[in-house]
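Visitor: First the structure, which I've put down as structure tokens, then a few questions once you've had a look.
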Amino acid sequence: MMFLKSFILAGTALATLASPAAAQIQIDELTPASAYDAGILDQNAGGLDSALWQGTSAARAVVLIKKLDKPLSSTAQDLARAALLSGGVPPEAADGLDREAYLNARLSAILASGNIAEFDQLVSSGSYSEADPAFRKIFVERSLLGGHTDKACSITDGITADRALPYWAKIRAYCHFVRGELPAAELTMDLIKRGGHKDQTFNALIGSLLGTNRSKPKLSNLTSPLNIALARDVLTAAEKSDFEIENIPALLAADIAQNGNYGGADRFVAFKASAHLLSVDQIRNVLAGFGGTVIDSGINPADKNSWIHSDWGQAFIDLKSNNDMTVRAQIAAQMLIRAEKLGLLAPMAKALEQDTSFIPASLQASADPLIFANVAVMNNDLGALGGLYQSLPEDDESRGRIALASDALGGGFTQAPLGTDIESRLALTGAAQKRAIRDTFVAVALGANMSDTAIEVIDGRKTASGSSLPEGSLLALQAVAKRGSKAESALRTASMMGSKSLSDLRNEDLSLILSAFRDASMYQTAGRLAAAEFLSGK
Numbered sequence: 001m002m003f004l005k006s007f008i009l010a011g012t013a014l015a016t017l018a019s020p021a022a023a024q025i026q027i028d029e030l031t032p033a034s035a036y037d038a039g040i041l042d043q044n045a046g047g048l049d050s051a052l053w054q055g056t057s058a059a060r061a062v063v064l065i066k067k068l069d070k071p072l073s074s075t076a077q078d079l080a081r082a083a084l085l086s087g088g089v090p091p092e093a094a095d096g097l098d099r100e101a102y103l104n105a106r107l108s109a110i111l112a113s114g115n116i117a118e119f120d121q122l123v124s125s126g127s128y129s130e131a132d133p134a135f136r137k138i139f140v141e142r143s144l145l146g147g148h149t150d151k152a153c154s155i156t157d158g159i160t161a162d163r164a165l166p167y168w169a170k171i172r173a174y175c176h177f178v179r180g181e182l183p184a185a186e187l188t189m190d191l192i193k194r195g196g197h198k199d200q201t202f203n204a205l206i207g208s209l210l211g212t213n214r215s216k217p218k219l220s221n222l223t224s225p226l227n228i229a230l231a232r233d234v235l236t237a238a239e240k241s242d243f244e245i246e247n248i249p250a251l252l253a254a255d256i257a258q259n260g261n262y263g264g265a266d267r268f269v270a271f272k273a274s275a276h277l278l279s280v281d282q283i284r285n286v287l288a289g290f291g292g293t294v295i296d297s298g299i300n301p302a303d304k305n306s307w308i309h310s311d312w313g314q315a316f317i318d319l320k321s322n323n324d325m326t327v328r329a330q331i332a333a334q335m336l337i338r339a340e341k342l343g344l345l346a347p348m349a350k351a352l353e354q355d356t357s358f359i360p361a362s363l364q365a366s367a368d369p370l371i372f373a374n375v376a377v378m379n380n381d382l383g384a385l386g387g388l389y390q391s392l393p394e395d396d397e398s399r400g401r402i403a404l405a406s407d408a409l410g411g412g413f414t415q416a417p418l419g420t421d422i423e424s425r426l427a428l429t430g431a432a433q434k435r436a437i438r439d440t441f442v443a444v445a446l447g448a449n450m451s452d453t454a455i456e457v458i459d460g461r462k463t464a465s466g467s468s469l470p471e472g473s474l475l476a477l478q479a480v481a482k483r484g485s486k487a488e489s490a491l492r493t494a495s496m497m498g499s500k501s502l503s504d505l506r507n508e509d510l511s512l513i514l515s516a517f518r519d520a521s522m523y524q525t526a527g528r529l530a531a532a533e534f535l536s537g538k
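Each residue of the sequence shown is one higher than the last, beginning at 1 in our numbering.
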């Protein structure tokens, strides 16, 4: 097992991998150093280095960013965030318009994710102004999504160029409604329809507000900032039982999750849909609010197969108030395990960090070593993985998985053997060997060497089950990775994966992606993904 080597030398390994020499960054091929776009995501948090757009044009970046307009898995979301939120030298633009198109595409994609806080943070760190005609549209959309209708309308009032376009006309119709100018709103709507523009969703939403549409509008699959703003007003005016909360946009679900006027069950549905958009304090407040409706039935939530809102609230209150670290570890593990099943591990782990950071590794290992190991990988915390590893008995299967994750995160596979754990399982049969084969694909992608014995086991094996990614897209990823295009590699992978998770991918596709990231000098990204994959294997 290579774990001790990677654990002891982790700092040296990561520093070496991140060094300019190892990355082979060709600064002279980039846009001049005077051009630099601010970012809010550093490398330790999953971001990319400052040469992230090397070899990618602004026009190509725009095309790739616009391909993100579909549901993405948590892994794909993380890759997209890395490309969009990292600071560095921008993609090379042919002219000023090319540059503006890229900046707008970047900001629009961040805004479309629903995370307004990240958008505001990025904008405040750069030279963006709502007075600049190039960015007026994006600031109007930010105001609409944030519920700042007055500001959105104020900016729209100043629009002169392209004022007659349906996009701006629809916003003016909404502004007339907000200001109580109902005849003007209806007149503007009539002009839009006479112009031949068709937008059934917009017509249904604003018609519901104006009273001209008696049927209940659909609030699912809304993507337009204007339509989301309209839906917010429709929800405000409607009875709380009129709409199914699970079908509304995540941004609006976040409002409901924090609204005490809704029942706990409805707020819990909204919370599950929007936790990734909430801050740590907001998540903690929501959980505490669930606890306010607890009826003490004498049943421990941990003993229940599924939790309702009050179980989450009770667990959170117990976690904060219990001074017994053993009990605290058990409660935290239950909350994290259940959050992982809901796809909410990352936001829940951040929200509970102040309650779990002081729990000794030995108690974490006793409660559930793998769930705490997953949190450690998210935090890029080799020390936490080391503590869990040392706390487990040698014959514990989880110990081997944590060791593999540590080697992946710490660069321990580079030019190293597969290790006795993988080699010994390759000699087995059935599910154990199947998992060992997948582990081999991952380890080799990270630079490990295969023994003759391992080669004999792997050679001739047919493709394992799993979702196949497009061959042409994989080839394109390999090509751009070899020229060091980190952001482009991340975006192409995010688009390819879509809603698929790492565990959904075929062995060879996963291995190719990890190899491509290493070719692009995205060592930390490859290591983090590989570590998560190792921990998923039982």
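Even for Gly, the Cβ is constructed at its ideal location relative to N, Cα and C.
For Y174, report the span of its alpha helix (DSSP H) as first-last.
Guide: By one-based count along the sequence shown, residue 174 stands at place 174. Its alpha helix (DSSP H) spans residues 166-178.
Visitor: Return helix, strand or coil for D37, following the three-state DSSP convention.
Guide: Here residue 37 refers to the residue found at position 37 of the sequence shown. D37 falls in the strand class under three-state DSSP.
Visitor: If you draw a straight line from the alpha carbon of N379 to that of G527, how long is it in whole angstroms?
Guide: What you label residue 379 is simply residue 379 of the sequence shown in a count that begins at 1. What you label residue 527 is simply residue 527 of the sequence shown in a count that begins at 1. If you take the alpha carbons of N379 and G527, they lie about 12 Å apart.
Visitor: So is the beta-carbon of A231 under 7 Å away from any non-hydrogen atom of the ligand ADP?
Guide: For the structure depicted, the ligand ADP is absent and the ligand set is empty, with no information on it obtainable.
Visitor: Please report the straight-line C-alpha distance between L342 and K272, rounded to a whole angstrom.
Guide: The residue you call residue 342 lines up with position 342 of the sequence shown. The residue you call residue 272 lines up with position 272 of the sequence shown. Between L342 and K272, the C-alpha separation is close to 7 Å.
Visitor: Whole angstroms is fine: what's the gap from S499's alpha carbon to R328's?
Guide: Residue numbering aside, residue 499 sits at position 499 when the sequence shown is read from its first letter. Residue numbering aside, residue 328 sits at position 328 when the sequence shown is read from its first letter. For S499 and R328, the distance between alpha carbons rounds to 34 Å.
Visitor: Which ranges would you report for the beta strand (DSSP E) in the segment 86-121 if only whole runs of at least 3 residues count?
Guide: You should have found no qualifying run.
Visitor: Buried or exposed for A431, going by 16 or more other Cβ atoms inside 10 Å?
Guide: Indexing the sequence shown from 1 puts residue 431 at position 431. The residue in question, A431, is exposed, as its Cβ has fewer than 16 Cβ neighbours within 10 Å.
Visitor: Is there contact here, the segment 76-91 with the segment 485-501, by at least three beta-carbon pairs under 8 Å?
Guide: Yes: at least three Cβ pairs fall under 8 Å.
Visitor: For P225, which of helix, strand or coil comes out of DSSP?
Guide: Along the sequence shown, one-based indexing puts residue 225 at 225. If DSSP states are grouped into helix, strand and coil, P225 belongs with the helices.
Visitor: Report the three-state DSSP secondary structure of S465 (helix, strand or coil).
Guide: Numbered from its first residue, the sequence shown carries residue 465 at position 465. Coil.
Visitor: Does the segment 273-293 come close enough to the segment 141-150 to have 3 or more Cβ pairs within less than 8 Å?
Guide: The segment 273-293 vs the segment 141-150: no contact.
Visitor: For S57, list the residues DSSP reports as bridge partners.
Guide: Position 57 of the sequence shown, counted from the first residue, corresponds to residue 57. For S57, which the question treats as bridged, DSSP gives the partners E92.
Visitor: If I'm right that A131 touches V89 with Cβ under 8 Å, what's the distance once you round it to whole angstroms?
Guide: Indexing the sequence shown from 1 puts residue 131 at position 131. Indexing the sequence shown from 1 puts residue 89 at position 89. About 26 Å separates the two Cβ atoms, so there is no contact after all.
Visitor: Evaluate Q364 with the Cβ neighbour count: other Cβ atoms within 10 Å of its Cβ, from every protein chain shown; 16 or more gives buried, anything less gives exposed.
Guide: The residue given as residue 364 occupies position 364 in the sequence shown. With 16 or more Cβ atoms within 10 Å of its Cβ, Q364 is classed as buried.
Visitor: What number of angstroms, rounded off, separates the C-alpha of S129 from the C-alpha of R136?
Guide: On the sequence shown, residue 129 is found 129 positions in, with the first residue counted as 1. On the sequence shown, residue 136 is found 136 positions in, with the first residue counted as 1. Their Cα atoms are separated by approximately 8 Å.
Visitor: In chain order, what residues of the same chain have a beta carbon less than 7 Å from the beta carbon of G400, not counting five sequence neighbours either side?
Guide: Locating residue 400 in the sequence shown gives position 400, counting from the first residue. So the qualifying residues of the chain are D421.
Visitor: State yes or no: is the C-beta of P369 within less than 8 Å of the C-beta of S406?
Guide: On the sequence shown, residue 369 is found 369 positions in, with the first residue counted as 1. On the sequence shown, residue 406 is found 406 positions in, with the first residue counted as 1. Taking 8 Å as the Cβ cut-off, P369 and S406 do not qualify as a contacting pair.
Visitor: If you reduce the DSSP assignment to three classes, tell me which class V380 lands in.
Guide: By one-based count along the sequence shown, residue 380 stands at place 380. Note that residue 380 corresponds to Asn in the displayed sequence, not to Val. N380: coil per DSSP, three-state reduction.
Visitor: Per DSSP, what kind of secondary structure is L352 in: helix, strand or coil?
Guide: Start at 1 with the first residue of the sequence shown, and residue 352 comes out as number 352. Of the three classes helix, strand and coil, the one that applies to L352 here is helix, per DSSP.
Visitor: According to the Cβ coordinates, are A490 and A83 closer than 8 Å?
Guide: For this step, residue 490 is matched to residue 490 along the sequence shown. For this step, residue 83 is matched to residue 83 along the sequence shown. For A490 and A83, yes; Cβs fall inside 8 Å.
Visitor: For P542, which of helix, strand or coil comes out of DSSP?
Guide: In the structure as shown, the chain starts at 1 and stops at 538, and residue 542 therefore has no counterpart that could be examined.
Visitor: What number of angstroms, rounded off, separates the C-alpha of S451 from the C-alpha of A373?
Guide: As a first step, residue 451 is located in the sequence shown; it is residue number 451 there, counting from the start. As a first step, residue 373 is located in the sequence shown; it is residue number 373 there, counting from the start. For S451 and A373, the distance between alpha carbons rounds to 29 Å.
Visitor: Starting from the C-beta of I25, find all residues in its chain whose C-beta is less than 6 Å away, skip the five residues before and the five after it, and write them out in chain order.
Guide: Counted from its first residue, the sequence shown places residue 25 at position 25. Any answer about I25 is weak, because its pLDDT of 41 lies below 50 and its placement is not dependable; what the coordinates show is given next. So the qualifying residues of the chain are A51.
Visitor: Could you give the first and the last residue of the continuous alpha helix (DSSP H) run that contains W312?
Guide: Walking along the sequence shown from the start, residue 312 turns up at place 312. W312 -> alpha helix (DSSP H) spans 309-321.
Visitor: What three-state label does DSSP hand L72 in the structure shown?
Guide: Position 72 of the sequence shown, counted from the start, is the residue given in the question as residue 72. The answer is coil: DSSP assigns L72 none of H, G, I, E or B.
Visitor: Nearest-angstrom Cα distance between S125 and A35?
Guide: Taking the sequence shown and counting its residues from 1, the one referred to as residue 125 is at position 125. Taking the sequence shown and counting its residues from 1, the one referred to as residue 35 is at position 35. If you take the alpha carbons of S125 and A35, they lie about 14 Å apart.
Visitor: L574 to D255, Cα distance in whole Å?
Guide: Residue 574 is absent from the model: the chain starts at 1 and stops at 538.
Visitor: Measuring alpha carbon to alpha carbon, tell me which residue in H197, I402, D37, S57 is nearest R483.
Guide: For the purposes of this step, residue 483 is identified with residue 483 of the sequence shown, where counting begins at 1. Nearest option by C-alpha distance: S57.
Visitor: Who does N261 pair with in a DSSP beta bridge?
Guide: Walking along the sequence shown from the start, residue 261 turns up at place 261. None; N261 has no bridge partner.
Visitor: Using a threshold of 8 Å, state whether the C-beta atoms of S108 and I155 are closer than that.
Guide: Here residue 108 corresponds to residue number 108 of the sequence shown, with the count starting at 1. Here residue 155 corresponds to residue number 155 of the sequence shown, with the count starting at 1. Contact: no.
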